[in-house]
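Data first, discussion second: the structure below is written as structure tokens.
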Amino acid sequence: MKIAISGLNATDNPAPALGVAKSLKGNELVGFSYDVNEPANYLDVFNKKYLMPFPTLGIEELIDRLKQIKPDLIIPCLDAELPLYIKYQDEFNKMGIKTFLPTLESFELRNKNKLAKLSDELNLNYPKTYEISSIKEITDLIRENKLEFPFMVKGNYYKAYKTTNIEEAIEHFYTISNEWGFPILLQKMVKGEEINLVGLGDGEGNLVGAVSIKKLTTTSLGKIWSGITIDNKKLLQTAKDFVKATNWKGPFELECMSDGEVVNMIEINPRFPAWVYFATEVGVNLPQMLVKLANGEKVEQNLDFEIGKMYVRFTDEVVVDFKEFINLMSKKEL
Amino acid sequence: MLNQLIIDENNMGYIPSMGSSFQMNETAKEIISYLKNGDDKDTIILKLAEKYNQNENDIFIDVSDLLTKLRIYGLIK
């Protein structure tokens, strides 16, 4: 079975493909890359690597490329490409290409600008968030005492910055909107520490696997560098409630803040996180479960993992012939 | 969260639900065990003063200091 995985970046802002691929070792794996500089292009984890058309080019370009590659299953791991893969999953299925993705409706329910409503329905706490599209709205919210420093300035898809004064708020507003557009979200800060969960929904309301962690150290971009498995029943229940309410099909990551008692929902990512291999190593191989579910096989629920296991990232190097770089750039495959 | 705190033989405290860990000395470990038993601040001071034959005022400072730290770390309210 030829399994395609996207998200081959493996820098200080790593994408999930490497972790997913390591979890699926032994299968025929192909990497879907968007840039010749993505480090995983040069690793032997994948049997083949392909440069893919950017999602902004649309479905026809993607379908043409998929007809050349002929994967049996695609596991898309990047936020920017997910709407396209989700919207056209039936088309892919007709081409004989399997996916295991949520419906567009479920996917949109967890959009950052809709998370407050979903959190209400799930009886979860969600920090007060304002959706804005102008600087004036920031100053108005502060003047009207609806928002006070520090607060978070967030993009609807990517980026989040803590801000402590109006100058910072304006700078972050422009940084995010220039790169990712509107709306911009202003979110009240909540007390506590960040805790995370990676899970897999079967599309019928069941959480088939999950692992909860706390990030112990992070990079300057907030990406995990070391972490520890935790036993947080409220976080697990939140995941079960989310999957049940949305009939979530596919992988997801919950990002929450907790002071030990209250769990505040911060974000739901509709894909595997880059640290998914941590879950595999502690005995919950979610990518393998996804492959089985996509093939119509039964999967036993697995929520058992050892508490207190530690995950540590490290840097590594690989030396390859420059021809590989040239070949990938010119032939679009390696 | 104090009731969740697990302390190992090396006096390392660990909260399984939050992944938080704390290093503590023997006295802190002892005070935490009194707190877990439901003893209040005054009772703990009395017990420690009696056990170690120390002045209650000196013990008061140490116990207050630890309780402040436990509040800062969110282990007690």
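Protein chains in written order, with the numbering used here: chain A, 4 to 337; chain B, -11 to 65. Even for Gly, the Cβ is constructed at its ideal location relative to N, Cα and C.
Any C-beta of chain A under 7 Å from that of residue i
i, result
"Met6 (chain B)", "yes"
"Met(-11) (chain B)", "yes"
"Gly62 (chain B)", "yes"
Contacts around residue i, its chain only, beta-carbon distance under 8 Å, and the 5 residues preceding and following it disregarded
i, result
"Pro153 (chain A)", "Lys165, Thr166, Thr167 and Met192"
Short CB-CB distance (under 7 Å) between residue i and chain B
i, result
"Lys97 (chain A)", "no"
"Ile78 (chain A)", "no"
"Asn267 (chain A)", "no"
"Asp262 (chain A)", "yes"
For residue i: DSSP bridge partner residues
i, result
"Cys259 (chain A)", "A:Ile198 and A:Met268"
"Glu382 (chain A)", "Residue 382 (chain A) is absent from the structure shown; chain A starts at 4 and stops at 337."
"Lys51 (chain A)", "A:Val33"
"Phe154 (chain A)", "A:Thr166 and A:Lys191"
"Pro254 (chain A)", "A:Leu203"
"Tyr2 (chain B)", "B:Ile(-6) and B:Ser9"
"Gly230 (chain A)", "A:Lys218 and A:Tyr314"
"Lys5 (chain A)", "A:Glu31"
"Leu210 (chain A)", "A:Gly204"
"Lys101 (chain A)", "A:Leu76"
"Glu336 (chain A)", "A:Tyr53"
Own chain partners of residue i with C-beta closer than 7 Å, once the 5 adjacent residues on each side are dropped
i, result
"Phe176 (chain A)", "Ile138, Ile141, Val156 and Ile187"
"Ile310 (chain A)", "Thr232, Ile233 and Asp234"
Environment of residue i [buried if 16+ CB atoms lie within 10 Å]
i, result
"Met332 (chain A)", "exposed"
"Phe325 (chain A)", "exposed"
"Phe35 (chain A)", "buried"
"Asp15 (chain A)", "exposed"
"Gly253 (chain A)", "buried"
"Met0 (chain B)", "exposed"
"Asp205 (chain A)", "buried"
"Thr56 (chain B)", "exposed"
6 Å Cβ shell around residue i - same chain, five flanking residues per side excluded
i, result
"Glu258 (chain A)", "Asn199, Ile269 and Glu270"
"Pro58 (chain A)", "Ala83, Glu84 and Leu87"
"Glu41 (chain A)", "Leu11 and Asn12"
Heavy atom of the ligand GTP within 6 Å of residue i beta-carbon
i, result
"Leu289 (chain A)", "Of ligands this structure carries none, so the ligand GTP is not represented either."
Exercise for the section: Check each residue of the stretch 184 to 203 of chain A: if its Cβ is closer than 9 Å to any Cβ of chain B, include it; give the result in chain order. Expected result: Within the stretch 184 to 203 of chain A, the qualifying residues are Lys194, Gly195, Glu196 and Ile198.
Problem - Interfacial residues, the stretch 298 to 310 of chain A to chain B, with Cβ spacing under 9 Å - result: Answer set for the stretch 298 to 310 of chain A: Ile310.
Practice task
Could you run through the stretch -2 to 30 of chain B and flag, in chain order, every residue whose CB is less than 8 Å away from some CB of chain A?
Solution key: Of all residues in the stretch -2 to 30 of chain B, Tyr2, Ile3, Pro4, Ser5, Met6, Gly7 and Ser8 have a Cβ within less than 8 Å of some Cβ in chain A.
Exercise for the section: Report the residues of the stretch 204 to 230 of chain A with a CB closer than 8 Å to any CB of chain B, ordered along the chain. Expected result: Within the stretch 204 to 230 of chain A, the residues whose Cβ lies closer than 8 Å to some Cβ of chain B are Ile216, Lys217, Leu219 and Gly230, listed in chain order.
Practice task
Report the residues of the stretch 234 to 264 of chain A with a CB closer than 9 Å to any CB of chain B, ordered along the chain.
Solution key: Listed by position, the residues of the stretch 234 to 264 of chain A near chain B (Cβ gap below 9 Å) are Asp234, Asn235, Lys236, Lys237, Leu238, Ser261, Asp262, Gly263 and Glu264.
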